[in-house]
Every structure is written in structure tokens, then in C-alpha cells.
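Protein chains: 2
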Amino acid sequence: MSNQLHVVASDAPGRDTASLRTGGIGTLRGGRPTMKDVASRAGVALKTVSRVVNGEPGVTPETARRVLGAIEDLGFRRNESARLLRTGRTATLGFIADTWADPDLTGVYRGLEDVVRQHGYLLYSGSTDSDAEREQRLALAMCARRVDGLIIAPTPGSHDYLVAEIEAGVAAVFVLRPPELVRSDAVLPDERAGGRAAVAHLVAQGHRRIGLVGGPPADSPVGPSRFRALLSGYTEAMASAGIIADPGWTALSAADLPGAPVTAVVCAHPAQTRAALRALVRAGLTGPGSGRMAVIGFGDFEAADLITPPVTVVGYDPVLIGHTAGEVLIRRMAGEQGPPRRVEVPVRLIARGSAEFPPER
Amino acid sequence: MSNQLHVVASDAPGRDTASLRTGGIGTLRGGRPTMKDVASRAGVALKTVSRVVNGEPGVTPETARRVLGAIEDLGFRRNESARLLRTGRTATLGFIADTWADPDLTGVYRGLEDVVRQHGYLLYSGSTDSDAEREQRLALAMCARRVDGLIIAPTPGSHDYLVAEIEAGVAAVFVLRPPELVRSDAVLPDERAGGRAAVAHLVAQGHRRIGLVGGPPADSPVGPSRFRALLSGYTEAMASAGIIADPGWTALSAADLPGAPVTAVVCAHPAQTRAALRALVRAGLTGPGSGRMAVIGFGDFEAADLITPPVTVVGYDPVLIGHTAGEVLIRRMAGEQGPPRRVEVPVRLIARGSAEFPPER
DNA sequence: CTGAAAGCGCTTACAG
DNA sequence: CTGAAAGCGCTTACAG
Chain A
299 MSNQLHVVAS DAPGRDTASL RTGGIGTLRG GRPTMKDVAS RAGVALKTVS
349 RVVNGEPGVT PETARRVLGA IEDLGFRRNE SARLLRTGRT ATLGFIADTW
399 ADPDLTGVYR GLEDVVRQHG YLLYSGSTDS DAEREQRLAL AMCARRVDGL
449 IIAPTPGSHD YLVAEIEAGV AAVFVLRPPE LVRSDAVLPD ERAGGRAAVA
499 HLVAQGHRRI GLVGGPPADS PVGPSRFRAL LSGYTEAMAS AGIIADPGWT
549 ALSAADLPGA PVTAVVCAHP AQTRAALRAL VRAGLTGPGS GRMAVIGFGD
599 FEAADLITPP VTVVGYDPVL IGHTAGEVLI RRMAGEQGPP RRVEVPVRLI
649 ARGSAEFPPE R
Chain B
299 MSNQLHVVAS DAPGRDTASL RTGGIGTLRG GRPTMKDVAS RAGVALKTVS
349 RVVNGEPGVT PETARRVLGA IEDLGFRRNE SARLLRTGRT ATLGFIADTW
399 ADPDLTGVYR GLEDVVRQHG YLLYSGSTDS DAEREQRLAL AMCARRVDGL
449 IIAPTPGSHD YLVAEIEAGV AAVFVLRPPE LVRSDAVLPD ERAGGRAAVA
499 HLVAQGHRRI GLVGGPPADS PVGPSRFRAL LSGYTEAMAS AGIIADPGWT
549 ALSAADLPGA PVTAVVCAHP AQTRAALRAL VRAGLTGPGS GRMAVIGFGD
599 FEAADLITPP VTVVGYDPVL IGHTAGEVLI RRMAGEQGPP RRVEVPVRLI
649 ARGSAEFPPE R
């Protein structure tokens, strides 16, 4: 795509935005009017303005009217940042996403936002591109602004830079991936149950040589903790089906699949599920009777139902993760004591077609 | 999905988070240490601490060492919010998304964030679920915190509540959709060129009865402005191909498609593209020779290439939109004058298969 | 080189 | 009912 832009002059009527910047009705000293300005225009003391603005009792209707008039005339709006400084709170939380490419994060954001809004907070946010240094810089910048709490979808690596902030009273909750080297609450999907459910489903279709895609390679979008948890569920389910798994089966990458010695695979993340499907399509291994491979993805994704065959997944609700994280944070900020909590939200198998057939190879 | 959660007690070693809240090394009066605390511990004046913290010249190495020592001992970190209040800036921008369900917005966010980070800003963010009242509340709350600028993916409806804020000096840039009833900069895809390119592509395949999906219905994820722009491009391209379009062709909804009197359609938004595909799949109108319909989507989406046939789209780069919006905002905040600008980023047709065949009906 | 005072825009605590 | 003073945590402007 070319980087060239079309700049189209607007033909809408009206005044020039920039010229509106100066000379507005309430503009004093080139800035915004303050309570002091309102007070002097209304001929009252600062405190009286404060009373009116805060709806405190003990102001004559007549005085209140004068103050309100001055507020109107000047276009006064209270500076919330100043109020917050004086009050000693910030009513602000910080949200740090390791990547926006993972659609889970927008779900988490929405769930979190419900709680944030309900409690009158505002949210700082930022993303890190899975760069640990950027995460640290962002988190510390938010702490320097004195956020009351932090929600972090962490990038791999140590989060010990948070220890001092947590000691200083900042609440922190990790989402989707657990913290490393710092004791903190975390909310994530029940990955172990997911691994178990996926394998059990495949076993029920007759599969025995079952693989797991999404291991250690550094460029994997899956943290090591997700893989370990899935593997643990996988191992449980294989054992209870009486199957002895070959270690090679759980060290597969998407590109390996066409020649892999398994008849079915579980993919640890939507990006890997899509990569696996691309590799299988390219190898002509998707139609019935083609020697195709059964595929289950961990994590649902947009349009999974439109692919042929529609993709069976182990889904979970990212919105619930965000919502839960928000509530855990609120409780901590309210002073709840106790050791770090790890909350796991339920998963559910959604059968769509890509894993509902017996072994073909 | 059940709403029941698993709460798993952590078995990790270490101290209890909550108990860390109190009695930390630098904890004075139960809060965080201030410059005043540092000053008295170092036996210097407040101003000297300020000098050291800001790296200002004119401090004896010995004095500096004492101050640094006190900072270390107390775990002091400057309160950035207080500094900003005194300085009269906030170094904060606000980003308001109408919905996170539209993946364009995460792209816009990332592009914007590049600029934000480079200029040392922090970002407030929030989403509105396309609720005009929530948008207004959020925007005004951010203005009350005195953000320097606002980036808004607007919900339909008037944005005149911004007029007073813009007069007061807040810079505002709209993204993806244009503002209504307020004069402000905007950055969006070149929708008209998109409509033109899509229709020309279909004409080149031999299609003449070409439809447009995504019109006025209130539940459409497409704003009226997008539809108008696409329609304008459509009209141009049809005219230059010498085709007289039937008005009914441009008033289609996804559900109508199976029986619609057209051989090809352009869908105004990925959600509509997917809806159209679902309707066509359900009607058995996807395989070659089935009387299938050619489909082009406006806006690319994840997994579009995995659908059968892979979906041809008119794509654009949402990251570029965010980046451009950030730069326009920065320039305005730096005092750039001039009428509101409307910047359109280029679009590009990505042929994948769903629109590369002649009429079949 | 160092510091005491005033102030950013508001609220708190107290006095009239 | 109303207001003058002090202070949130920092910086600015000025004096020694």
C-alpha cells in the first residue's frame, strides 16, 4: 500500500478551528478560567465557588445564582486533575496490553472498562509489542502519575520492577498470562481444563496419535506458561484414555503438520491455529478422505465458522477475564488482604467440524 | 459459557501482597515519600531536591550525593501529576473508540501510540459501544482532566458538545468516521476510491448488475458517511463503464443476497462481508457453477484468506490512519493554524478469489 | 551553590 | 451563610 495521502480541503462552512483557540468567551490570560476567576466575577470567595460546584449545602440561593451565572459566562469547568491532586487520589487505573494483535485483549479491555466506568475511574492505556522494556517504562510512567492500580497483559520476562510500586500501594492484576518474579493477582483462562477437554474430544472421535502445536519456539505467540498448562491437561487426558504419548507429538510446529505422525492436533493460540490451517490447506489435507488432520484451536477467533471445515475450538470469554480482573483490582484497592489470587475462567468446547471425524492417516 | 470461576489458591512462595502495602521502607504517614521528605532527610531545601531530580546544574557533587542517598533510602519517585499541574501541561491525550469489535480500532490505536510515545505523552482511553451519550461523558471527563488533545472514532450523532472544549484549546481529530456538527480534523480511508476500485474490478470480470451491501439500516456497523462515499465511488465507476444502475442494487442487506438481482456485491464493512458470506454459504451459493455471487469486502479482516473462496477485499492500513491522526494532532497542539483538514489514506484492492470470476446468474 | 516564598487549581479545616 | 488561610506535591522566579 502506498504511503501517499490524499489531503482533501474541507468545504464545510463555519469558522476556522485554529482561530477558535483564542479569544473564546471565557478565555482569560490565554488559558481556561479557574475557580478564582469565577469567584472574582461573582464577587464571592473561592470557597463559595467550591461549595456551589460541589453542591455543598449552606449557600444562599441568590449567591448560588450569581456563582452559577459567572460559571456560565466564563465557560468554567473544574480542573479535575487539580481536584484529584488535592484529594490525594487519582481515580485512574492503567491498562497495559502486550499486543493489540491478540483479539482477546479488546475483550479484556471491554470487560475491564465496565468495572472502571461503574466506579468512576479513568483508564490510562498502552501497549508494548511484547517488549519487556517498553512494558516497564509504561508501567512506571503510569505509577509516576500515581495510578491507583494496574492491569497488565504481561510480556514474557521478569516483572520485578513492580515490587517497589506494589509496596508503595499500587494494586496490580495480571491478565491472560501470569506474572513472573512478582507476587500479584492474575486472571486467565482455565488452560489445563482446555487441554483436557480438547484431547478428550479427539479421543472420543477415535484419535490416539494426538499432537500439540505451540511450544517453546521464541516467536510463538504463546507464553511458556500457556503451553505448560495445556500440556498438563493433555497429559492428564491422554493418561486417562490409556494412551502413551510420544514426546515428539507435543513438540510440533504448524509448518511440520503435513508430514507429522499424528492424526489430530490441538493448537495453543488462534495465530497458530490459522498457521496450521494454512499449512494443511497448502498440502491439500483438508477435504474428507484426503488424509486430513483433525484440528482444535485453543481460543476462538473471528470467522472461524466461515472456514471449510469450520474450526472447532476451546473457547473462553475474554470479556469475563477483564471484568473479573477489574473486580479483583477494586477489592484490592479497597484494602482486601490475603495472598495473591489466581482466578481461572471456564473454557468450553465449541464443535464446528474440523475435529469431528475419525483418524484418516 | 458458565459464569462460574475457578479460584485457585497460589502456592508460590514469598510474602503476602497485601501485607506489603504497609511498612515499606519509604513509607511515611502511610503514603509515598515526597520531595519534602527527601529534603528533610538529606538536610537540604526542597529546591535543591528539585534541582537534583531534574538534573539542573549548580549542585555540589557532595550535596547531590546526599540527596540521591535520601531518594534511594526513601524509595522516592517524583509525582508526575503534581509536576504537570504546576507546569500547566498534562502531556496526556485521550482516545475514544466507538467499539473494540472493529479490528480497525486496534490498528488505529497502534499507529497513534507510536506518535504518542515518541512525544512523551500518556494516553487515556475508553470505548463507547456506539452510545453517543457515553462518548460525550467520556470526552468531557477527559477534558476535565485537561488532556491536550482527543482522538475520536465517533459514534453517529452530533459532536457539538466538543465546540466549547475546542474553543478552550483542546485539539481534536476524528478517525475512521467524520465529525458531525463540529469543525474538526479527520483521518479516514479513501472510501470513494474504494468504491470505485471495487466496481471497476467487478466490471473487468464481466459483471454489470453490481450491488452494494451496508446501507441505512440502523443496526448497520457502517456510518451513513461511509455508505455515501462508497456509493459515490460506485456511481462514478458504473457511469464510466456505461452501466445504468438500478436503485434497488444499492439498497441490499446481507440476508437479501441469495435472491438478489445482482451477480456481484460490494460489502461496506467486514461484519457485513462476513454476514453476506454466511447467507451465501447457507444458500449453497459458493462453489463454481452454483450460480454463486462475486463478493468484495471493504476493509480486510483476519482469516479472510482462509475462507473458501478466499475473500477479495479493498484494504487500507488502519495503523497509518492512527499514525496520521497522531501527527495531525501534534501539529495542531503545536499551534498549526488553518481550516479543518480531512486526510484520506489510500486503499488497495487485494484479489483473492471471491470476485475473480464472470457472472454466474 | 543554596534556599525561602509564591503559586499551579483545587479542597480541607477552621473561624467569623 | 461566608470567607481567609493552609496545603496537595511539585516548579518558577527571585534573593542571598
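Read top to bottom, the protein sequences are chains A and B. Plus 298 on top of the position in the first sequence (first one is 1) and you've got our numbering. Plus 298 on top of the position in the second sequence (first one is 1) and you've got our numbering. Just so you know, even glycine gets a beta-carbon here, dropped at the ideal spot from N, CA and C. Keep in mind the model is a prediction, meaning the values are calculated, not measured.
Bounding residues of the beta strand (DSSP E) (the contiguous stretch that carries ASP483 (chain B)): Locating residue 483 (chain B) in the second sequence gives position 185, counting from the first residue. That run of the beta strand (DSSP E) goes 483-487.
Pairwise C-alpha distance: ALA632 (chain B) and VAL645 (chain A): Numbered from its first residue, the first sequence carries residue 645 (chain A) at position 347. Numbered from its first residue, the second sequence carries residue 632 (chain B) at position 334. Looking at the two C-alpha atoms, the distance is approximately 50 Å.
C-alpha gap between GLY367 (chain A) and ALA340 (chain A), whole angstroms: Taking the first sequence and counting its residues from 1, the one referred to as residue 367 (chain A) is at position 69. Taking the first sequence and counting its residues from 1, the one referred to as residue 340 (chain A) is at position 42. Cα to Cα, GLY367 (chain A) sits roughly 8 Å from ALA340 (chain A).
Where SER523 (chain B) sits in the DSSP three-state scheme: Counting from one through the second sequence, the residue named residue 523 (chain B) turns up at place 225. In the structure shown, SER523 (chain B) sits in a helix (DSSP, three-state: H, G or I).
Neighbourhood of PRO476 (chain A) by C-beta distance below 6 Å, restricted to the same chain and skipping five residues each side: The residue labelled residue 476 (chain A) in the question sits at position 178 within the first sequence. Excluding sequence neighbours, PRO476 (chain A) sits near ALA484 and SER523.
CB contact check: GLU465 (chain B) to chain A, cutoff 9 Å: The residue you call residue 465 (chain B) lines up with position 167 of the second sequence. Chain A contact via Cβ: present.
Secondary structure of TYR419 (chain A), DSSP reduced to three states: The residue labelled residue 419 (chain A) in the question sits at position 121 within the first sequence. In this structure, TYR419 (chain A) counts as coil in the three-state DSSP scheme.
THR426 (chain B) vs THR404 (chain B) beta-carbon contact at 9 Å: Taking the second sequence and counting its residues from 1, the one referred to as residue 426 (chain B) is at position 128. Taking the second sequence and counting its residues from 1, the one referred to as residue 404 (chain B) is at position 106. Their beta carbons are not under 9 Å apart, which means THR426 (chain B) does not touch THR404 (chain B) by this criterion.
GLY660 (chain A), DSSP secondary structure in three states: As shown, chain A starts at 299 and ends at 659. That puts residue 660 (chain A) outside it, with no answer to give.
Burial state of THR622 (chain B), where buried means 16 or more other Cβ atoms lie within 10 Å: For the purposes of this step, residue 622 (chain B) is identified with residue 324 of the second sequence, where counting begins at 1. Looking at its Cβ environment, which holds 16 or more other Cβ atoms inside 10 Å, THR622 (chain B) is buried.
GLY455 (chain A) to GLN570 (chain A) span [Cα, whole Å]: Sequence index remark: in the first sequence, residue 455 (chain A) carries index 157 (1-based). Sequence index remark: in the first sequence, residue 570 (chain A) carries index 272 (1-based). So the alpha carbons of these two residues sit roughly 22 Å apart.
First and last residue of the uninterrupted alpha helix (DSSP H) at VAL511 (chain B): Position 213 of the second sequence holds residue 511 (chain B). No alpha helix (DSSP H) holds VAL511 (chain B); the beta strand (DSSP E) holding it covers 508-511.
Local Cβ density within 10 Å of VAL643 (chain A), reported as buried at 16 or more and exposed below that: Along the first sequence, one-based indexing puts residue 643 (chain A) at 345. So VAL643 (chain A) ends up on the buried side.
Near-chain A residues of the segment 419-434 of chain B - C-beta to any C-beta below 7 Å: LEU420, LEU421, TYR422, SER423, GLY424 and SER425
6 Å Cβ shell around ALA535 (chain B) - same chain, five flanking residues per side excluded: Position 237 of the second sequence holds residue 535 (chain B). Taken in chain order, the residues that qualify are ARG494, VAL497 and ALA498.
Neighbour-count burial assignment, ALA437 (chain B), 16 or more Cβ in a 10 Å radius: On the second sequence, position 139 is the one that residue 437 (chain B) refers to. By the neighbour-count rule (16 or more Cβ atoms within 10 Å), ALA437 (chain B) is buried.
Proximal chain B residues relative to TYR407 (chain A), where beta-carbon distance stays under 7 Å: One-based indexing of the first sequence puts residue 407 (chain A) at position 109. What TYR407 (chain A) touches in chain B: TRP398.
Interface positions of the segment 527-545 of chain B facing chain A (Cβ-Cβ less than 8 Å), listed along the chain: none
Per-residue burial, LEU344 (chain A) [other beta carbons within 10 Å of its own, 16 or more giving buried]: The sequence position of residue 344 (chain A) within the first sequence is 46, counting from 1. Of the other Cβ atoms in all chains shown, fewer than 16 fall within 10 Å of the Cβ of LEU344 (chain A); this residue is therefore exposed.
Per-residue burial, THR388 (chain A) [other beta carbons within 10 Å of its own, 16 or more giving buried]: As a working note, residue 388 (chain A) is residue 90 in the first sequence. With 16 or more other Cβ atoms within 10 Å, it is buried.
Nearest-angstrom Cα separation, counted from ALA601 (chain B) out to PRO556 (chain A): Locating residue 556 (chain A) in the first sequence gives position 258, counting from the first residue. Locating residue 601 (chain B) in the second sequence gives position 303, counting from the first residue. Roughly 20 Å between the two C-alpha positions.
Residue range of the unbroken alpha helix (DSSP H) whose run includes ALA283 (chain A): With chain A covering 299 to 659 only, the question about residue 283 (chain A) has no answer from this structure.
Residue-chain proximity (ARG524 (chain B), chain A), Cβ-Cβ < 9 Å: Taking the first residue of the second sequence as 1, we reach residue 524 (chain B) at position 226. Put simply, the CB of ARG524 (chain B) is far from chain A, with every gap to its CB atoms at 9 Å or more.
Pairwise C-alpha distance: ARG408 (chain B) and GLY620 (chain B): Residue numbering aside, residue 620 (chain B) sits at position 322 when the second sequence is read from its first letter. Residue numbering aside, residue 408 (chain B) sits at position 110 when the second sequence is read from its first letter. If you take the alpha carbons of GLY620 (chain B) and ARG408 (chain B), they lie about 7 Å apart.
Option in B:GLY424, B:PRO359 and B:ARG330 with minimal Cα separation from GLN416 (chain A): The residue given as residue 416 (chain A) occupies position 118 in the first sequence. With distances taken between CA atoms, GLN416 (chain A) lies nearest to B:GLY424 out of B:GLY424, B:PRO359 and B:ARG330.
Beta-carbon proximity list for ARG490 (chain B), same chain, < 6 Å, skipping 5 on both sides: To locate residue 490 (chain B), count along the second sequence from 1; it is residue 192. Here the set comprises ALA527, SER530 and GLY531.
ARG639 (chain A), enclosing alpha helix (DSSP H) - first and last residue: Residue numbering aside, residue 639 (chain A) sits at position 341 when the first sequence is read from its first letter. ARG639 (chain A): not part of any alpha helix (DSSP H); member of the beta strand (DSSP E) spanning 639-643, first to last residue.
TYR614 (chain B) - partner residues in DSSP beta bridges: The residue labelled residue 614 (chain B) in the question sits at position 316 within the second sequence. DSSP output for TYR614 (chain B) lists B:VAL645 as bridge partner(s).
Touch test, the segment 501-510 of chain B against the segment 557-566 of chain B, Cβ-Cβ under 8 Å, three pairs minimum: yes
Cutoff 9 Å: ASN377 (chain B) Cβ touching any chain A Cβ: By one-based count along the second sequence, residue 377 (chain B) stands at place 79. Yes, ASN377 (chain B) counts as interfacial toward chain A.
For GLY595 (chain B), the residue or residues it bridges with in DSSP: Taking the second sequence and counting its residues from 1, the one referred to as residue 595 (chain B) is at position 297. In the DSSP output, where bridge partners are listed per residue, GLY595 (chain B) has B:CYS565 and B:VAL611.
In chain order, each beta strand (DSSP E) run of at least 3 residues that lies wholly inside the segment 396-474 of chain A: 420-425, 447-450 and 469-473
CB contact check: ILE628 (chain B) to chain A, cutoff 9 Å: Sequence index remark: in the second sequence, residue 628 (chain B) carries index 330 (1-based). Not closer than 9 Å to any Cβ of chain A, the Cβ of ILE628 (chain B) fails to qualify, so no.
Residue range of the unbroken alpha helix (DSSP H) whose run includes ALA380 (chain A): Here residue 380 (chain A) refers to the residue found at position 82 when the first sequence is read from its first residue. Looking at the DSSP string, the run of the alpha helix (DSSP H) that includes ALA380 (chain A) is 378-385.
For THR390 (chain B): DSSP bridge partner residues: As a first step, residue 390 (chain B) must be located in the second sequence, where it is residue number 92. Here THR390 (chain B) is bridged, per DSSP, to B:LEU420.
Coarse secondary structure for LEU479 (chain A), derived from DSSP in three states: Counting from one through the first sequence, the residue named residue 479 (chain A) turns up at place 181. Of the three classes helix, strand and coil, the one that applies to LEU479 (chain A) here is coil, per DSSP.
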